[in-house]
Amino acid sequence: MTQVLVIESSANLASSVSRDLTKAFLAGYTAAHADTTVVTHDLVTDTVPHLGVDLIGGFFGKPEALTEAQAAAIALSDKLIGQVEAADVVAIGAAMYNFSIPSTLKAWIDHILRAGRTFKYTENGPQGLLTGKKVFLFLASGGIYSDGPYKPYDFQETYLRAALGFIGLTDVTVVRAEGLALGPDAAAKAVADAKAAVAALSL
């Protein structure tokens, strides 16, 4: 049995392209793997607190000395990490907001990048602990950032690859729908091309 963890982060609940791409992926994956279990965490409708004093205190405090709030923050972090640990496949949908990812997704990342749980420091440098999993990123943006003059502005794919790779999630496949704000024809082509790319994935 395969377990897929789906992380949705686009604040556009009505017509999100990244959400459409994750749905298309999930339909294809479950058709190819009938024994798949799907766990979905929508970070918009089921928000994760942004990094704050309680989580920081929990990260660095002694377990027996944590306050109730710190213990609760660590318990949530443990739960979110556990979902990733249990998954064979992680599918993340994200729009680009101001050249980067939604803050809801950043909050989730802040809970799962945790020393001693998902990575450790060694004499040879940091080592990711969540290995052997496949990650699929379904990204949408109004402009074109994978190539051309605005490539240096891409802190969406580059950040996600860096953050996930730091904890051992290095097997990453990216499908992008770009240029969605460049007119109806460009948007339609971008969506069609992205959905074709999803359909062509080796699952």
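Quick note on the UniProt record's numbering: the sequence shown kicks off at 1 and runs consecutively. Heads up, the beta-carbon is just placed ideally off N, CA and C, and yes, glycines get one too.
DSSP puts residue 100 in a beta bridge; with which residues?
For residue 100, which the question treats as bridged, DSSP gives the partners 97.
From 67, 1 and 76, pick the residue whose C-alpha is nearest to that of residue 30; which is it?
The candidate whose alpha carbon is nearest that of residue 30 is 1.
In its own chain, which residues sit with a C-beta less than 6 angstroms from the C-beta of residue 121, not counting the 5 before and 5 after it?
Cβ within range, chain order: n/a, list empty.
Run through DSSP, which three-state label would residue 176 get?
Correct three-state label for residue 176: strand.
If the criterion is Cβ atoms closer than 8 angstroms, does the pair residue 194 and residue 177 meet it?
Yes, the pair counts as a contact, with Cβ atoms nearer than the cut-off.
Use the C-beta contact count for residue 123: other C-beta atoms within 10 angstroms, 16 or more gives buried, fewer gives exposed.
Result: exposed.
May I have the straight-line CA-CA distance separating residue 166 from residue 185, to the nearest angstrom?
Approximately 38 angstroms, taken between the alpha carbons.
Decide if residue 50 is buried, meaning its Cβ has at least 16 other Cβ atoms within 10 Å, or exposed.
Label assigned to residue 50: exposed.
Mark residue 56 as exposed unless 16 or more other C-beta atoms lie within 10 angstroms of its C-beta, in which case mark it buried.
Label assigned to residue 56: exposed.
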